[in-house]
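Colleague: Below are the structure tokens for one structure; questions will follow.
There are 2 protein chains.
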Amino acid sequence: MAEREADRSVSQTVRAQLALRDLVLSGRLRPGERISELQAVEITGVSRTPVRMALVRLEEEGLLEAIPSGGFMVKAFSERDILDSIELRGTLEGLAARFAAERGVSSRDLEPLKECLNEIDGLVRQDPISVEAFSSYVALNARFHALLTELSRSPPLIRQIDRASALPFASPSGFVMAQSALPEARQILLIAQDHHRVVVDAIENREGARAEAIMREHARLAARNLRLALRNRTHLDLLPALALVTAG
Amino acid sequence: MAEREADRSVSQTVRAQLALRDLVLSGRLRPGERISELQAVEITGVSRTPVRMALVRLEEEGLLEAIPSGGFMVKAFSERDILDSIELRGTLEGLAARFAAERGVSSRDLEPLKECLNEIDGLVRQDPISVEAFSSYVALNARFHALLTELSRSPPLIRQIDRASALPFASPSGFVMAQSALPEARQILLIAQDHHRVVVDAIENREGARAEAIMREHARLAARNLRLALRNRTHLDLLPALALVTAG
DNA sequence: TGAAAAATTAATGTATACATTGCGTATCCG
DNA sequence: CGGATACGCAATGTATACATTAATTTTTCA
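Line order of the protein sequences matches chains A and B.
Taking my numbering, the leading residue of the first sequence gets -4, the next gets one more, and so forth.
Taking my numbering, the leading residue of the second sequence gets -4, the next gets one more, and so forth.
Below, the structure written as structure tokens:
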């Protein structure tokens, strides 16, 4: 199973990190299961040193949990944990939007966001929305959120948002693909896009409280998507990250 | 300078982490300065492997910054970065307070907080407040904030708050000692303690918005302290962490 | 004299051998 | 038969040798 002769341009540490992350997110390692270094060495084909580095990084990402006596295990998340992570991300993005609004942004800085908005408009115009369009939406949505975060011009906040969004189910696009199979899909996307427009408008008019509130509400769409997807359990295969979710 | 024959009960990694953290916070390593592994080995007296671990951990803490080509350097912070970090921490603590209020807490859970409040009352009663009392206040204040964070009963949020408070100048007690030399000292402490009482009251009455707002405002006291301390530059020696702050 | 290229040096990245600690098991004693 | 202790195994923690890559200096040519 080891992948030898892999790309030389990336370090062994990164390669191990990618391989182990995939393994965890795919659910082939159960939550709570210990992942030993030697086991990881066999899987990734690199030596213990970079494996160890990768494990530490994945713990920092939030996918693994350190065992007090040493070593790591796959972290388990409850549905509540996921909802809280989404609310947390929304709160941070709200703060970023408020900073942007209060501190002011040049029209030059807003340009790429508006461009992003227009491209998304082109996607959601079709009815029904194709799977490819959903895929494009995920990318554009991620770009929009990244640009918005940057507008805060606050390195500490940007750092924290990146860390909060590292968990796949907490990221802005975490549950977009999940809704692609739902009947409410298009409507939810239209609402999300309206949020996008509102927050840009609020920032432009330096309405800090409004910008903050709408980003918080925007994140709650992800929570709604999650609940809908869990109700229609037919398309859960679109959400590999849910392999980490345990009962409760 | 190496500290050999140190306590056997802690790992070499932890020892290196402590030593290097001290070195950075004391300002003996300038912001932007590269800290090589070999150099760290000489300083800490442990081998490269645990030193490397410690460097990764300190980067995660936010004290170091990874150099793209490899290695680490001491991170530089602007005054704005610090103010943003404080606002960020206040926002997260606000969210924790709101969660606690909305979800409800038992009187049993509130007990240790109220105990904490009473002990702080005993300290701020004296006028003027002794340096020892300030020291005790720092400990009790940290305890209060930790207990409050726990009340959210949200592991993802608790984790994020811990990470945000890891930077000494962003922690709840980061600038308390700085004000000990200020004439406004006692008044600020009285206000802070009022905030403490208000947030407990809000949580008890399940007033989420109020609990959130007061915690945000509470954090801004730290920002005020920082600005006061920077104006009276006479007692900056109480704040070793400011060694990391560069102009701008 | 300047700039470019090559060589040297010093740094990090990687692998592995060794040490130590925690954990499970089996045995012995009560 | 039950529990505690001791033993052995397997895991992580540590040190160091080696490989590779980045930085610096020196040398050479224009």
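The beta carbon of each residue, even a glycine, is placed where N, CA and C say it ideally should be.
1) Is the stretch 77 to 94 of chain B close to the stretch 196 to 212 of chain B, with three or more CB pairs under 8 Å?
2) I'd like to know whether the C-beta atoms of B/A137 and B/S168 end up nearer to each other than 8 Å.
3) Report buried or exposed for A/N244, applying the criterion of at least 16 other Cβ atoms within 10 angstroms of its Cβ.
4) Can you tell me where the alpha helix (DSSP H) with A/L112 in it begins and where it stops?
5) Return the Cβ separation of A/A180 and A/L146 in integer angstroms, given the expectation that the two are a contact with Cβ distance under 8 Å.
6) Do the CB positions of A/I77 and A/M68 come within less than 8 Å of each other?
7) Starting from A/V100, find everything on chain B with Cβ-Cβ shorter than 8 Å and list it in chain order.
8) Between B/R29 and A/A134, what straight-line distance do the alpha-carbon atoms span, to the nearest angstrom?
9) For the stretch 9 to 30 of chain B, which residues have a CB atom closer than 7 Å to at least one CB atom of chain A, in sequence order?
10) State the start and end residues of the unbroken alpha helix (DSSP H) segment that holds A/V9.
11) Got a sec: is the Cβ-Cβ distance from A/Q7 to anything in chain B below 8 Å?
12) Which of the three DSSP states, helix, strand or coil, is assigned to B/L143?
13) Please look up how many angstroms separate the CB atoms of B/Q12 and B/R52, rounded, as I've assumed it's under 8 Å.
14) Alpha carbon to alpha carbon, how far is A/Q7 from A/P45? Give it in angstroms, no decimals.
15) Between the C-alpha atoms of A/L83 and B/L87, what's the straight-line distance to the nearest angstrom?
16) Can you pull the DSSP bridge partners for A/A61?
17) CB-CB under 6 Å to B/L50, same chain, minus the five flanking residues each way: which ones, in chain order?
18) With 7 Å as the limit, tell me which residues of the stretch 141 to 155 of chain A have their beta carbon closer than that to any beta carbon of chain B; keep them in chain order.
19) On a Cα-Cα basis, can you pick out the residue from B/A224, B/A214, B/R226 that is closest to B/S80?
20) Which residues in the same chain as B/L18 place their Cβ atom closer than 8 Å to its Cβ, once the five residues preceding and following it in sequence are excluded?
21) Is B/R(-1) close to chain A? Criterion is C-beta to C-beta, closer than 8 Å.
22) What is the C-beta distance between B/F139 and B/L108, in whole angstroms, given that I count them as a contact (C-beta under 8 Å)?
23) Compare the Cα-Cα distances from B/V171 to each of B/A141, B/V126, B/I153, B/R158 and report the closest residue.
24) Kindly list, in the order they appear in chain A, the residues whose Cβ is closer than 8 Å to that of B/S80.
25) What whole-angstrom Cβ distance do A/R132 and A/L184 have, given they're in contact under 8 Å?
26) Any C-beta of chain A sitting closer than 8 Å to the C-beta of B/E199?
27) Using only CA atoms, which one of A/V5, A/R103, A/E110 lies nearest to B/G65?
28) Measure from the C-beta of B/D76 to each C-beta in chain A and report whether the shortest distance is under 8 Å.
29) Taking all protein chains shown into account, do 16 or more other C-beta atoms lie within 10 angstroms of the C-beta of A/E202, making it buried, or fewer, making it exposed?
30) Identify whether A/S4 lies in helix, strand or coil by the three-state DSSP scheme.
31) Considering only residues of the same chain and omitting the five flanking positions on each side of A/A218, which have a CB-CB separation below 7 Å?
32) Going by DSSP, which residues form a beta bridge with A/I30?
33) Against B/L83, what residues of chain A qualify as contacts under a CB-to-CB distance less than 9 Å, listed in chain order?
34) Note down, in chain order, every chain B residue with its Cβ under 7 Å from the Cβ of A/E55.
35) Residues bridged to B/V240 by DSSP?
36) Just to confirm, is the Cβ distance from A/R211 to A/G27 under 8 Å?
Modeller: In short:
1) yes
2) Position 142 of the second sequence holds residue 137 of chain B. Position 173 of the second sequence holds residue 168 of chain B. When the beta-carbon positions are compared, B/A137 and B/S168 come within less than 8 Å of each other.
3) As displayed, chain A neither begins before -4 nor continues past 243, which places residue 244 of chain A out of reach and without an answer.
4) The count along the first sequence starts at 1 and reaches residue 112 of chain A at position 117. Note, A/L112: alpha helix (DSSP H), 102 to 119.
5) Along the first sequence, read from residue 1 onward, the residue named residue 180 of chain A stands at position 185. Along the first sequence, read from residue 1 onward, the residue named residue 146 of chain A stands at position 151. Approximately 28 Å separates the beta-carbon atoms of A/A180 and A/L146; this is outside 8 Å, ruling out the contact.
6) The sequence position of residue 77 of chain A within the first sequence is 82, counting from 1. The sequence position of residue 68 of chain A within the first sequence is 73, counting from 1. No. Outside cutoff.
7) For this step, residue 100 of chain A is matched to residue 105 along the first sequence. By Cβ distance, chain B contributes nothing, its closest Cβ being about 16 Å from A/V100, past 8 Å.
8) By 1-based counting over the second sequence, the position of residue 29 of chain B is 34. By 1-based counting over the first sequence, the position of residue 134 of chain A is 139. Looking at the two C-alpha atoms, the distance is approximately 36 Å.
9) none
10) Here residue 9 of chain A refers to the residue found at position 14 when the first sequence is read from its first residue. Residues 7 to 20.
11) To locate residue 7 of chain A, count along the first sequence from 1; it is residue 12. By this cut-off, A/Q7 is not an interface position.
12) Walking along the second sequence from the start, residue 143 of chain B turns up at place 148. Looking at B/L143 - three-state DSSP - the assignment turns out to be helix.
13) The residue given as residue 12 of chain B occupies position 17 in the second sequence. The residue given as residue 52 of chain B occupies position 57 in the second sequence. At roughly 5 Å, the Cβ-Cβ gap stays under 8 Å, so B/Q12 and B/R52 are in contact.
14) Looking up residue 45 of chain A in the first sequence gives position 50. Looking up residue 7 of chain A in the first sequence gives position 12. Roughly 6 Å between the two C-alpha positions.
15) Taking the first sequence and counting its residues from 1, the one referred to as residue 83 of chain A is at position 88. Taking the second sequence and counting its residues from 1, the one referred to as residue 87 of chain B is at position 92. Each residue's Cα considered, the two are about 8 Å apart.
16) As a position in the first sequence, residue 61 of chain A is number 66, starting the count at 1. Answer is A/F67.
17) Position 55 of the second sequence holds residue 50 of chain B. Here the set comprises F67.
18) S149, P150, P151, L152, Q155
19) Locating residue 80 of chain B in the second sequence gives position 85, where the first residue counts as 1. When each option's Cα is compared against that of B/S80, the closest is B/A214.
20) On the second sequence, position 23 is the one that residue 18 of chain B refers to. Cβ neighbours of B/L18 beyond the five flanking positions: L24, I38.
21) Counting from one through the second sequence, the residue named residue -1 of chain B turns up at place 4. The predicted model places B/R(-1) with a pLDDT of 39, which falls under 50 and marks its position as unreliable; any figure quoted below should be read in that light. No, B/R(-1) lies away from the interface with chain A (no Cβ there is under 8 Å from its Cβ).
22) Counted from its first residue, the second sequence places residue 139 of chain B at position 144. Counted from its first residue, the second sequence places residue 108 of chain B at position 113. Indeed they touch by this definition, with Cβ atoms about 6 Å apart.
23) Here residue 171 of chain B refers to the residue found at position 176 of the second sequence. It is B/V126 whose Cα lies nearest to the Cα of B/V171.
24) Along the second sequence, read from residue 1 onward, the residue named residue 80 of chain B stands at position 85. Here the neighbours are P151.
25) Start at 1 with the first residue of the first sequence, and residue 132 of chain A comes out as number 137. Start at 1 with the first residue of the first sequence, and residue 184 of chain A comes out as number 189. The question names Arg, but residue 132 of chain A is Tyr in the sequence shown. Rounded, the Cβ-Cβ distance is 7 Å, consistent with contact.
26) Taking the first residue of the second sequence as 1, we reach residue 199 of chain B at position 204. Chain A contact via Cβ: absent.
27) Here residue 65 of chain B corresponds to residue number 70 of the second sequence, with the count starting at 1. Distances from the alpha-carbon of B/G65 to those of A/V5, A/R103, A/E110 put A/V5 closest.
28) Indexing the second sequence from 1 puts residue 76 of chain B at position 81. Answer yes: the Cβ-Cβ gap between B/D76 and chain A drops below 8 Å somewhere.
29) As a first step, residue 202 of chain A must be located in the first sequence, where it is residue number 207. Buried, by the Cβ-count rule.
30) Position 9 of the first sequence, counted from the start, is the residue given in the question as residue 4 of chain A. It is coil, neither helix nor strand.
31) Reading the first sequence from its first residue, position 223 is the one you call residue 218 of chain A. Cβ within range, chain order: L78, I81.
32) Here residue 30 of chain A is taken as the residue at index 35 of the first sequence, counted from 1. DSSP lists A/F67 as partners of A/I30.
33) Along the second sequence, one-based indexing puts residue 83 of chain B at 88. Result: L87, L90, S149, P151, L152, Q155.
34) Here residue 55 of chain A refers to the residue found at position 60 of the first sequence. By Cβ distance, chain B contributes E55.
35) Walking along the second sequence from the start, residue 240 of chain B turns up at place 245. Paired residue(s): B/F72.
36) Residue numbering aside, residue 211 of chain A sits at position 216 when the first sequence is read from its first letter. Residue numbering aside, residue 27 of chain A sits at position 32 when the first sequence is read from its first letter. For A/R211 and A/G27, no; Cβs fall outside 8 Å.
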